[in-house]
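Step one of this worksheet: look at the structure below.
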Amino acid sequence: MTVQLRTFDRADESAVVALWEEAGLTRPWNDPHADIERMLAVWPDLLIVAVDAGRIVGTVMAGYDGHRGWIYYLASAADRRGEGIGRMLVDESERRLSALGCPKVQLMVRPGNEIVFAFYDRIGYERFDIGMTGKRLIMDAQAASAV
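Using my numbering, you'd call the opening residue of the sequence shown number 68 and step up by one each time.
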């Protein structure tokens, strides 16, 4: 495997969004392009891509709010799953978060997605039985057109 990890570059955007769509990570109420812009404004070094022979084969977006880190948009190309790309991306995001002084990292998995839960179980993540609430403060243009 010749996969290299590096920080996202703006030229990667269309390939990254296509990978997120292929992996089923996008939702009508979240504009992935807007998510990238927001990320670049806050933590540009925490949007990481895995590249092999010039092709984006994986991504992860991490964040840190001063209390805990978060992992979002972890994806690997369908034809490359099982090669350890996801693990490489999680390890790199954890390394970068640790360098910022982040003491803990969390993520959200949609209910019933046992394949993803099993992946995180294998790499040492602990499941929590908590409820989540949220409130949209900004309606993305893509989300507004879907309503």
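Cβ atoms here follow ideal geometry from the backbone N, Cα and C, with glycine treated the same way. Model, not experiment: these values are computed from the prediction.
Tell me whether residue i counts as near the ligand NAD, meaning its Cβ is closer than 7 Å to at least one heavy atom of that ligand.
| i | result |
| --- | --- |
| Asp79 | Looking for the ligand NAD in the displayed structure turns up nothing, as the structure carries no ligands at all. |
Taking the alpha helix (DSSP H) that residue i falls in, what are its first and last residues?
| i | result |
| --- | --- |
| Ile197 | Note, Ile197: premise wrong, no alpha helix (DSSP H); not H, not E. |
| Val116 | Run containing Val116: none in the alpha helix (DSSP H); it sits in the beta strand (DSSP E), Leu114 to Asp119. |
Roughly how many angstroms separate the alpha carbons of residue i and residue j, rounded to a whole number?
| i | j | result |
| --- | --- | --- |
| Val193 | Ala82 | Note that residue 193 corresponds to Glu in the displayed sequence, not to Val. If you take the alpha carbons of Glu193 and Ala82, they lie about 31 Å apart. |
| Pro103 | Ala129 | The amino acid occupying residue 103 in the given sequence is Ile; Pro does not appear at that position. Straight-line Cα distance between these residues: approximately 11 Å. |
| Trp87 | Asn97 | 12 Å |
| Asp158 | Thr126 | 12 Å |
| Pro178 | Arg122 | 31 Å |
| Asn180 | Ala78 | 31 Å |
| Gly201 | Ile182 | 25 Å |
How about residue i and residue j: are their beta carbons less than 8 Å apart?
| i | j | result |
| --- | --- | --- |
| Ile152 | Val84 | no |
| Ala117 | Val109 | no |
| Leu141 | Leu164 | no |
| Ile115 | Leu72 | yes |
| Arg154 | Ile197 | no |
What whole-angstrom Cβ distance do residue i and residue j have, given they're in contact under 8 Å?
| i | j | result |
| --- | --- | --- |
| Ser160 | Leu113 | 7 Å |
| Cys169 | Tyr139 | About 14 Å separates the two Cβ atoms, so there is no contact after all. |
Using a Cβ-Cβ cut-off of 8 Å (strictly less than) and excluding sequence neighbours within five positions of residue i, which residues of its own chain qualify?
| i | result |
| --- | --- |
| Met199 | Met175 |
| Pro111 | Thr74 and Phe75 |
Given residue i, which residues of its chain have a CB within under 6 Å of its CB, disregarding the five upstream and five downstream residues?
| i | result |
| --- | --- |
| Arg135 | Lys171 and Gln173 |
| Val75 | The sequence shown places Phe at residue 75, not Val. Answer for Phe75: Leu114 and Val116, listed in chain order. |
| Pro99 | Val84, Trp87 and Thr93 |
| Phe184 | Val176 |
| Arg147 | Val124 |
| Asp119 | Thr69 and Val70 |
Output needed for residue i: all residues of its chain with C-beta closer than 7 Å, excluding positions within five of it in sequence on either side, in chain order.
| i | result |
| --- | --- |
| Ala145 | Glu89 |
Let's see if you can read the secondary structure: which residues bound the beta strand (DSSP E) around residue i?
| i | result |
| --- | --- |
| Val172 | Val172 to Leu174 |
| Met128 | Arg122 to Tyr131 |
| Ile138 | Gly136 to Ser143 |
If you measure from the beta carbon of residue i to each beta carbon in chain D, is any gap under 8 Å?
| i | result |
| --- | --- |
| Glu80 | Absence of chain D from the displayed structure is noted, only one protein chain being present. |
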